[in-house]
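Residue numbers (the numbering used here): 1 to 122.
Cβ coordinates follow ideal geometry from the N, Cα and C atoms, glycine included.
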């Protein structure tokens, strides 16, 4: 007989098939646009990360250069301070050394005189 069973789906007519096909194409297009948007988002994230790394590297290099310059300036200042502190001390040291040498000569001369007088007494 020509009667259909109630649970069997009816075949789609032409308009329904066209609508289903159009929906399928739109869904494919939407998925494709979503994929493109996701790819672009990832690309933008990677680009931002790359730019951030480049900026951080540049910043670190500038900081290293600045610190190096500060260290050099401090070392120069340290040398100046050391020189300023040591010059008077070196002068004092030289004076004391000269005084010691002079006193030693005097003591040595006195002992020579004593030995001469001792010889004379004997």
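Starting from the C-beta of residue i, find all residues in its chain whose C-beta is less than 6 Å away, skip the five residues before and the five after it, and write them out in chain order.
| i | result |
| --- | --- |
| residue 12 | none |
Using the three-state DSSP reduction, which class does residue i fall into: helix, strand or coil?
| i | result |
| --- | --- |
| residue 8 | coil |
| residue 13 | coil |
| residue 1 | Confidence is the limiting factor: at residue 1 the pLDDT is only 48, short of 50, which leaves the residue's position unreliable, though a coordinate-based value still follows. It is coil, neither helix nor strand. |
Please go through the same chain and pick out, in chain order, the residues whose beta-carbon is closer than 7 Å to the beta-carbon of residue i, but skip the five residues on each side of it.
| i | result |
| --- | --- |
| residue 99 | none |
Let me make sure I understand the geometry here. Which of the options has the alpha-carbon closest to that of residue i?
| i | options | result |
| --- | --- | --- |
| residue 15 | 23, 68, 30 | 23 |
Residue i CB to nearest chain B CB: under 8 Å?
| i | result |
| --- | --- |
| residue 109 | Looking at the structure shown, chain B is missing, and only one protein chain is on hand. |
By Cβ distance, which residues of its chain are closer than 8 Å to residue i, with the 5 residues on each side in sequence left out?
| i | result |
| --- | --- |
| residue 102 | none |
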